[in-house]
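Trainee: In the working numbering, the protein residues as written are 9 to 339.
This is the structure in structure tokens:
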């Protein structure tokens with residue numbers, strides 16, 4: 009009895025009806041090498057990626073897409089809980105002892121260690137350049153940034169970016185966005201405000217990936233159509249840059265850190281053009297359009313090989329054909 013079961017032998021396991029043709033290398037119920045195709049083996053094949061040749065591709069991006077964003081999201085959630093625990097502790101101290109002057113000590117501790125301002129830097133707390141990127145106070149701010157961070161990191165890892173490269177990109181984006189926030193955002197309020205949030209890091213990763221893959225499309229859960237994610241990131245960057253340069257009244261009164269956004273995005277652009285050596289993404293598009301704009305010049309024809317056919321009539325004609333000496337013949 010053959011161990012290879014055809015599709016007709018298992019009518020209840022229709023590959024194309026149940027959508028298994030996207031995970032199995034072949035459109036039938038056999039796994040090859042004369043192995044029995046059982047439902048357990050088919051279920052074990054879920055989640056494994058295959059190329060169109062039927063070979064399994066690397067699944068390292070799946071583990072990386074889980075390892076990289078979720079610890080960062082967990083740290084942000086922990087700092088968010090620390091903020092609200094400090095506020096609750098300050099309220100409790102004020103209610104129990106109204107004459108206590110230092111009831112705001114927990115909140116001041118969080119402000120001194122998890123926000124970015126000139127006072128903290130002058131007092132030697134330089135680590136706030138990095139700690140303010142994991143600090144959020146509002147739930148809407150936290151949820152928006154964490155969803156954007158998860159999408160940006162998953163986009164980068166799916167595109168083949170290694171984890172050390174992604175970490176270097178995040179650290180560099182944090183530093184440049186902090187400097188831009190101090191120079192642009194806090195200067196308009198005379199350095200009386202503090203900055204916090206991971207938007208600068210998110211903008212650095214998203215802008216690098218927008219330059220690398222500008223035509224990648226994202227399916228939104230609400231709408232059925234798809235949108236080019238790279239174009240959306242670039243349009244948002246141009247909007248923030250115009251608000252920062254124009255200096256309008258609304259941008260001056262806004263508490264949104266547009267300077268931090270522009271600083272992180274600028275580092276992402278520089279990181280792509282200086283570190284990513286392969287001509288991909290925007291570089292490839294620019295080169296292709298430049299080559300299409302050039303006038304077409306056909307390649308030069310190869311030089312003609314000079315022959316002496318025109319001299320053949322001038323050669324003397326022999327009456328007898330010339331016999332070549334082929335040596336002695338065997339009888």
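Every residue, glycine too, gets a C-beta built ideally from N, C-alpha and C.
Classify residue 141 as buried or exposed, calling it buried when 16 or more other Cβ atoms lie within 10 Å of its own Cβ.
Mentor: Numbered from its first residue, the chain shown carries residue 141 at position 133. So residue 141 counts as buried.
Trainee: Rounded to the nearest angstrom, how far is the Cβ of residue 272 from that of residue 185, given a contact under 8 Å?
Mentor: In the chain shown, the residue the question calls residue 272 occupies position 264. In the chain shown, the residue the question calls residue 185 occupies position 177. Rounded, the Cβ-Cβ distance is 4 Å, consistent with contact.
Trainee: Which runs of the beta strand (DSSP E) spanning at least 3 residues fall entirely within the segment 161-227, listed in chain order?
Mentor: Correct list: 225-227.
Trainee: Is there contact here, the segment 97-108 with the segment 170-189, by at least three beta-carbon pairs under 8 Å?
Mentor: Because the criterion of three Cβ pairs below 8 Å is not met, the segment 97-108 and the segment 170-189 do not touch.
Trainee: What are the boundary residues of the alpha helix (DSSP H) that includes residue 280?
Mentor: Indexing the chain shown from 1 puts residue 280 at position 272. Segment 266-283, the alpha helix (DSSP H) holding residue 280.
Trainee: Taking all protein chains shown into account, decide if residue 357 is buried (16 or more other Cβ within 10 angstroms of its Cβ) or exposed.
Mentor: Here the chain covers residues 9 to 339 and nothing more, so residue 357 does not appear.
Trainee: Sort 202, 212, 135, 309 by Cα distance to residue 176 and report the nearest one.
Mentor: Taking the first residue of the chain shown as position 1, residue 176 is located at position 168. For the residues 202, 212, 135, 309, the minimum Cα distance to residue 176 belongs to 212.
Trainee: Kindly confirm or deny that the segment 204-220 and the segment 161-169 touch, where touching means at least three C-beta pairs closer than 8 Å.
Mentor: With a cut-off of 8 Å, the segment 161-169 and the segment 204-220 count as touching, because enough Cβ pairs lie within range.
Trainee: Here's the rule: buried if 16 or more other CB atoms are within 10 angstroms of the residue's CB, otherwise exposed. What is residue 317?
Mentor: If you number the chain shown from 1, residue 317 lands on position 309. Under this definition residue 317 is an exposed residue.
Trainee: Relative to the C-alpha of residue 88, which residue among 101, 205, 265, 163 is closest?
Mentor: As a first step, residue 88 is located in the chain shown; it is residue number 80 there, counting from the start. Answer by Cα proximity: 205.
Trainee: Could you tell me which residues DSSP puts in a beta bridge with residue 240?
Mentor: In the chain shown, counting from the first residue as 1, residue 240 sits at position 232. Residue 240 is not bridged to any residue.
Trainee: Work out the CA separation of residue 160 and residue 223 for me, nearest whole Å.
Mentor: Start at 1 with the first residue of the chain shown, and residue 223 comes out as number 215. Start at 1 with the first residue of the chain shown, and residue 160 comes out as number 152. Rounded to whole angstroms, residue 223 to residue 160 spans 15 Å at the Cα level.
Trainee: For the alpha helix (DSSP H) containing residue 102, name the first residue and the last one.
Mentor: Counting from 1 along the chain shown, the entry for residue 102 is found at position 94. Taken as a continuous stretch (DSSP letters only), the alpha helix (DSSP H) holding residue 102 covers 77-104.
Trainee: Am I right that residue 250 and residue 189 are in contact with their C-beta atoms under 8 Å? What's the rounded C-beta distance?
Mentor: Position 242 of the chain shown holds residue 250. Position 181 of the chain shown holds residue 189. Going by Cβ atoms, the distance from residue 250 to residue 189 rounds to 18 Å, so no, they are not a contact pair.
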